[in-house]
Structure formats: structure tokens, C-alpha cells
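For reference, the structure is listed below as C-alpha cells.
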Amino acid sequence: MADRIASIQCYVVDLKQESPYLGSLRDGEEVDDQGYFVRKQNGTVYPRHNRSLVVEIKTQAGVEGWGETYGIVAPRATAEIIKDLLTGFVLGCDPFEMQTVHDRLYDLMRVRGYHGGFYLDALAAIDIALWDIAGKIAGLPVHQLLGGKYREKIHGYVSGLPCDTLRERCDFALNWQERGFDAFKFAAPVADEGVVSEFRELRRALGDEAKIACDLHWTQTKASAVELARRISVHHPWFIEAPMPSEDVTGLQYVAHHSGQTIAVGEEWRTVFDARSRIDCGAVHIIQPEMGHTGITQFMRIGRYAEAHHLQVMPHATIGSGIFLAASLQASAALRNIVSHEFQHSLLQPFRHFTGNVLSCEAGFYSIPNSPGIGVEPSEAMKKKMTRI
Ligand code: MG
614 MADRIASIQC
624 YVVDLKQESP
634 YLGSLRDGEE
644 VDDQGYFVRK
654 QNGTVYPRHN
664 RSLVVEIKTQ
674 AGVEGWGETY
684 GIVAPRATAE
694 IIKDLLTGFV
704 LGCDPFEMQT
714 VHDRLYDLMR
724 VRGYHGGFYL
734 DALAAIDIAL
744 WDIAGKIAGL
754 PVHQLLGGKY
764 REKIHGYVSG
774 LPCDTLRERC
784 DFALNWQERG
794 FDAFKFAAPV
804 ADEGVVSEFR
814 ELRRALGDEA
824 KIACDLHWTQ
834 TKASAVELAR
844 RISVHHPWFI
854 EAPMPSEDVT
864 GLQYVAHHSG
874 QTIAVGEEWR
884 TVFDARSRID
894 CGAVHIIQPE
904 MGHTGITQFM
914 RIGRYAEAHH
924 LQVMPHATIG
934 SGIFLAASLQ
944 ASAALRNIVS
954 HEFQHSLLQP
964 FRHFTGNVLS
974 CEAGFYSIPN
984 SPGIGVEPSE
994 AMKKKMTRI
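Residues 614 to 1002 in our numbering are what the sequence shown lists, from first letter to last.
Next comes the structure, spelled out in C-alpha cells:
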């Protein structure tokens, strides 16, 4: 008889770090009583100290699966969705039915408009844990359950240059270049001297061959994005990311058609339906699914939809403990059209807290975990940072 899901536990993981995400606070950016601050340049809230939401699912036979979702903001909201609503529909399920479980849970709240946000984050965490369990029972890494891997390692690009001055950011990027990395992305909200200067100086420092991209953090209008694209074109951007507010699909389509630049988006999407509305109208050239939001099931649907449209996929890598990063590498190994994967160097240190495979990105390439399941599990040291909720 098939093994069945017996329990689900949620944990908030403390990922305290010296410097906030994207670097030190700028003038006028202050941490509030709840530990949040707002980046002035993009109006987006961040926690002073990173954290994540991890889910542990066990089967009746005692097989343990780990999932994780986006937990930097209000992680207890997502945990409550799992505890109050979803657990009752997952207990007793066959862990090999991860796709049908996902679709059943999705259907529960569809007509009420819950096809994104915290609800889909909760589904992502459960989905990753079920794939992990299925891999462990089968004795296979997830990329084999998904049909096999197309590559032995995955190109990684250095994301974020968390230094206070442009000179320091160039030196920082140079240091990574000397360690074997050939691709870089900076974030416009902390490019204090402006995107054009940042591109010019990074190009000067890193040379003609380096790939240099910019994340515009959804800050532009149609007119300003096209004008900015014209001004940076002389510095040969690799791609520009998220130029428009995320809900402005026609605006993004306009920029994709008129900027002359390669447009990358996708980190805020949860499902293939989010991808479809942008891909069908030609609003995007590079797809950036975020495993912490999509889970493996929707990540693969997005990736294969992109593949059917001959689009490149470059998965996003957000703040997490490493569990959904491992899942992202598993799924990326099994997608044909992956060209690179974001590498958040400032977040990799806590990932050392795993048993089994250690996640690594060295000399410009990620290794792909080969143990059964997603390939990583929290170590005892990591468990000390996890608070059960
Ligand atoms: Mg981004």
C-alpha cells in the first residue's frame, strides 16, 4: 500500500545577517518597530533581518520531506494558511500525487480570486516537500523524477553588489570576476549615482566580455524605460529586469517592443497563468521563475511553457534557507532552456547548514545536488535557527 502523508509542521527560520538585503540603509530609510524598512527608490518593504518559512512533512512510514517558501514578510500569514486550511486536505494523500494535490488545493480557492500571493506561497512549500518525499521513497534526486538532467552544472550570475559606493561596487564585482564569474546584475534602487553611471563604471571595470544586467525593480514608465534603454545601450546590457510595475502587462509589452533591450521578468509570478499573459503577447524575452513562489510543479509548467515559445529561462533566487534553492537547481537541471541561474552570494553562507550535499556555486557554476529528493536537509545547527509555529 502507498505511503501516506501523516503530519505537517511549519518553522520560521532566522537568517540574521550583518547588512540588510541589497546593502546598508540609505538616508531616510529607517527600521520600524516590527523590524521592517522601505527602500525609498522602489517603495518596497524589506525586513532588517532575513528569515524564511520552512515546512516539514512526514509520512506514516516516517519519510521526512522539506519544503520552503518566501518568508521575509509576514511568514506567519502563510503558515496559518497551511495550518488552518491546507493541512486537512493534505493529510492522508499519496506523496507521489504531488501534481494532483497541487491542483486540488489550487481549485479550493480559485473562484475567490486566491490564485497568487500568500496562498500560492503556501502551496509552493507543500509542493516542494512532497517532491522531496517522493524522491526519497524512490531513491532518486528530483531531477530524475522530472525526466533527467540536461546538464551537469548550471551557470550562475552574481546578483547584487551590496556596497556603499560605486567604486566599492566595481571592486566587489571584480573580485567575483577573479573567482571565475562572468555575469553580474546590479539593483537600481541602490545604484546611488544612477543606472547609466553604474553601467558605465561596471563595464569599464569588468571589460567588454562581461555580462552585465540591471534590475530596475518595477520603477519605470513606458517613456522612461525606453529613454533609459537608449542611454545604456552603448554599454551593451545583458538584459534589463522588471522595468515596469508588475501589473502593467501592456506597458511591459510596449517596452519589450520599443526599448531594443532584452527584457527579463517573472520573479513575482506564482503560476503558468501569470507567465502565459506575458508570454502570449510578447512582453518578455527571459523568464525568471522563483521556486519559493512557484513550487516545483508550477516552476516546471512555467519553464515548459517558455520552452514551447523558444524563450530562455533564468530562475530567480530570493532570500531563503537554501531548501527552495536546492529545489530550483533540481528543476533547472531538468529544463532544457535554462541559460543561467541567479546566484545570491550574500545569502549562500547560511546554506552551509545542511547535511548531505552542500549547496555551492564556484567559479561561475552551481553544482546540482545528487542525493535523493531535493538533495539537502537541515543540519542540527540549522534546526537551532528554526522556530516551530
Ligand atoms: Mg529582481
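All C-beta atoms in this analysis are idealised placements derived from N, C-alpha and C, irrespective of residue type, glycine included.
Proximity test, residue i beta-carbon vs ligand 1 heavy atom, cut-off 7 Å
| i | result |
| --- | --- |
| Asp828 | yes |
| Ala855 | yes |
| Glu860 | no |
| Glu643 | no |
| Glu811 | no |
| Glu710 | no |
| Glu631 | no |
| Glu880 | yes |
Contact check, residue i vs residue j, beta carbons under 8 Å
| i | j | result |
| --- | --- | --- |
| Phe812 | His848 | yes |
| Glu920 | Leu948 | yes |
| Pro708 | Ala674 | no |
| Leu759 | Ala786 | no |
| Trp679 | Asp627 | no |
| Ile845 | Val667 | no |
| Ala796 | Leu829 | no |
| Ile739 | Leu699 | yes |
| Ala800 | Gly773 | yes |
| Ser637 | Ser934 | no |
| Val771 | His922 | no |
| Gly908 | Leu736 | yes |
| Val926 | Ser890 | no |
| Val809 | Ala838 | no |
| Ala888 | Tyr918 | yes |
| Asn983 | Pro775 | no |
| Arg661 | Gly648 | yes |
| Arg639 | Gly705 | no |
| Thr691 | Asp734 | yes |
7 Å CB neighbourhood of residue i in its chain, flanking five on each side removed
| i | result |
| --- | --- |
| His756 | Lys762, Gln943, Ala946, Ala947, Ile981 |
| Tyr1003 | Given that the chain is displayed from residue 614 to residue 1002, the structure contains no residue 1003 and the question cannot be resolved. |
| Pro850 | Phe812, Ile825, Ala826, Cys827, Gln874 |
| Gly752 | Pro985 |
| Ala804 | Glu811 |
| Lys653 | Arg639, Gly641, Glu642 |
| Asp697 | none |
| Val658 | Tyr649, Val651, Val686 |
| Arg689 | Ile1002 |
Contacting residues, own chain, Cβ-Cβ under 6 Å from residue i (five flanking each side not counted)
| i | result |
| --- | --- |
| Phe852 | Ala826, Thr875, Ala877, Ile899 |
| Ala615 | Asp707 |
| Ala976 | Gly793 |
| Leu779 | Glu806, Glu814 |
| Glu880 | Gln901, Glu903, His929 |
| Thr832 | Asn655 |
| Leu743 | Pro708, Met711 |
| Gly916 | Val926, Leu948 |
| Arg782 | Leu774, Cys776 |
8 Å Cβ cutoff, residue i in contact with chain D
| i | result |
| --- | --- |
| Ile951 | Structure shown: chain D not included; a single protein chain is present. |
Rounded Cβ spacing between residue i and residue j (contact assumed at less than 8 Å)
| i | j | result |
| --- | --- | --- |
| Arg883 | Gln911 | 6 Å |
| Ile951 | Ile767 | 6 Å |
| His954 | Ala930 | 7 Å |
| Ile987 | Ile741 | 7 Å |
| Ile1002 | Val724 | Not a contact, Cβ separation roughly 29 Å. |
| Phe978 | Gly769 | 6 Å |
| Thr682 | Ala619 | Contact flag wrong, Cβ pair sits at about 21 Å. |
| His728 | Phe886 | 7 Å |
Own chain, CB closer than 8 Å to residue i, minus 5 neighbours either side, in chain order
| i | result |
| --- | --- |
| Glu643 | Phe650 |
| Asn663 | Leu628, Lys629, Gln630, Tyr634, Ile685, Ile932, Leu960 |
| Glu822 | Asp795 |
| Val897 | Leu865, Ala869, Ile876, Ala877, Val878, Gly879, Arg891, Leu924 |
| Gly555 | The structure shown has nothing for residue 555, since the chain only spans 614 to 1002. |
| Glu765 | Ile981 |
| Arg816 | Ala823, Ile825, His848, His849 |
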